[in-house]
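>
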Amino acid sequence: GHEIDIFAIGTNLVTCQAQPALGMVYKLVELDGAACMKVSQVFEKASLPCKKEAYRLFTKDGAPAVDLLQEAKDPPPVEGKRIFCRHLYDDRKRCFLVPSKVQRLLQPYISHGKLVLEPLSLEVGSRTPTPAHTYACFIHKETETCT
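All residue numbers for the sequence shown refer to this note's numbering, where the first residue is 834 and numbers rise by one.
1. Distance, Cα to Cα, serine 933 vs proline 882?
2. Provide the residue span of the beta strand (DSSP E) that contains aspartate 900, from first to last.
3. Out of curiosity, what's the CA-to-CA distance linking valine 862 and lysine 914?
4. For the region 925-943 against the region 883-896, are there 3 or more C-beta pairs whose distance is under 8 Å?
5. In three-state terms, what does DSSP make of lysine 926?
6. Using 10 angstroms around the beta-carbon of valine 899, count the other beta-carbons present and answer buried if the total reaches 16, otherwise exposed.
7. Near tyrosine 942, which residues of its chain fall below 6 Å by C-beta distance, leaving aside the five closest residues on each side in sequence?
8. Within its chain, find whatever has a CB closer than 8 Å to the CB of cysteine 918; leave out the 5 residues flanking it on each side and keep chain order.
9. Would you list the residues sitting across from tyrosine 888 in a DSSP beta bridge?
10. Our contact map puts serine 880 next to lysine 860 with C-beta atoms below 8 Å; I'd like the distance itself, whole angstroms only.
11. Kindly give me the distance between the Cβ atoms of isoleucine 916 and proline 910, rounded to whole angstroms, as I take these residues to be in contact under 8 Å.
12. If you draw a straight line from the C-alpha of alanine 868 to the C-alpha of aspartate 923, how long is it?
13. Can you tell me whether lysine 914 is helix, strand or coil according to DSSP?
Okay, structure coming up:
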């Protein structure tokens with residue numbers, strides 16, 4: 834068995850720039866329950882081995898503070914409980930955060946070849962509860978602490 838670790842659509846992805854708009858990259862991270870990874874001379878291009886979960890952690894003001902990526906086998910973050918976060922590629926960027934809200938970001942739509950969740954609407958804006966510009970200030974935030 835294997836899993837799709839990441840999926841992206843665009844005209845200028847990591848590879849396939851000379852191909853049509855749906856060029857794709859697939860990186861295997863687990864095979865039959867064993868972690869595996871793509872090795873690359875470029876550190877950022879190596880895949881992260883193992884199955885993962887992603888969570889969005891919110892501040893006490895209800896604003897998104899950080900997206901947390903962790904191994905799927907680890908317990909999920911808990912609202913009101915302090916958690917240590919660090920940048921994936923820059924270990925100097927780190928903070929402790931006490932999330933007021935935790936939102937699971939990965940939602941399986943297909944499991945074992947069967948549809949398990951109805952696809953979302955393709956209507957523009959139907960899936961955006963918060964304006965995109967609200968998130969931008971947190972994506973580029975460079976601080977030692979989170980609130």
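Every residue gets a Cβ at the ideal spot worked out from N, C-alpha and C, and that includes glycine.
Walking through what the data contain:
1. Distance between the alpha carbons of serine 933 and proline 882: 29 Å.
2. Aspartate 900: member of the beta strand (DSSP E) spanning 897-904, first to last residue.
3. Approximately 29 Å between the Cα atoms of the pair.
4. At 8 Å Cβ cutoff, the stretches touch.
5. Lysine 926 sits in coil when the DSSP states are folded into three classes, being neither helix nor strand.
6. A residue is called buried when at least 16 other Cβ atoms come within 10 angstroms of its Cβ; valine 899 meets this threshold and is buried.
7. The residues are Leu950.
8. Leu890, Val899, Leu901, Arg927, Cys928, Phe929, Leu930 and Cys979.
9. Its beta-bridge partners are Leu901 and Arg937.
10. Contact between serine 880 and lysine 860 is confirmed by a C-beta separation of about 4 Å, below the 8 Å threshold.
11. 5 Å between Cβ atoms; contact.
12. Inter-residue distance for alanine 868 and aspartate 923 is about 23 Å (C-alpha atoms, whole angstroms).
13. Reduced to three states, the DSSP call for lysine 914 is coil.
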